[in-house]
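Participant: Let me give you the structure first, and then I'll get to my questions.
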Amino acid sequence: MNFRSKCIAEGNLPAWREDFRRSGRRLVVTNGCFDLLHLGHVTYLESARNLGDALLIGVNSDDAVRELKGPERPINGEMDRACVLAALQSVDAVHIFRNRAATAFLEQARPDIYVKGGDYTLETLNQEERKAVEAAGGQIVIIPFVPGKSTTATLAKISRL
């Protein structure tokens, strides 16, 4: 399989999800910036994938990353980030979404299981995103971080060189 075929184009997510739903398999969904991929990311994604039958990742667009992280980010463009994620064995599909919050993406993805990292709790999770998952009958799972691994820490280390 060509990793590029794992990238779901804008507008194609609802049909992809419907096809997947008919297969009877459980879809795990997560989202994020995934700017500089590191061990924490791949460990998290592997753990997420192991919760179901397939893993779909929503990747924040470049504009959304700038809103979330500041004007110097992202380091890697949205297509680069999506393609690198799609090349991972644990990832079944990737979709770039345009909004800062993942609510509209989650409404289309309708996850059976929605996974977030250990920096979130059910209370600190965006409550509109939470409602979208729960409205689809999905379960929310928090996966712990790998200690000491983050894009921010990596960038800080690079800036000291």
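Residue numbers for the sequence shown follow this note's numbering, beginning at 3 and rising by one.
Glycine is no exception: its CB is placed at the ideal position from the N, C-alpha and C atoms.
(1) Report the rounded CA-to-CA distance for L29 versus A134, giving the unit in angstroms.
(2) Measuring alpha carbon to alpha carbon, tell me which residue in L87, N128, P149 is nearest K8.
(3) Taking the Cβ atom as the reference point for each residue, do V31 and I10 lie within a distance shorter than 9 Å?
(4) Determine the direct distance from the alpha carbon of V117 to that of P146, and round the result to whole angstroms.
(5) Look up F147 in the DSSP assignment and say whether it is helix, strand or coil.
(6) Is the beta carbon of N33 less than 9 Å from the beta carbon of N62?
(7) Assess contact between the region 49 to 56 and the region 121 to 140, defined as three or more Cβ pairs (one per stretch) separated by less than 8 Å. Is contact present?
Facilitator: Concretely, from the data shown:
(1) Using only the alpha carbons, I get a separation of about 15 Å.
(2) L87
(3) no
(4) 10 Å
(5) coil
(6) yes
(7) no
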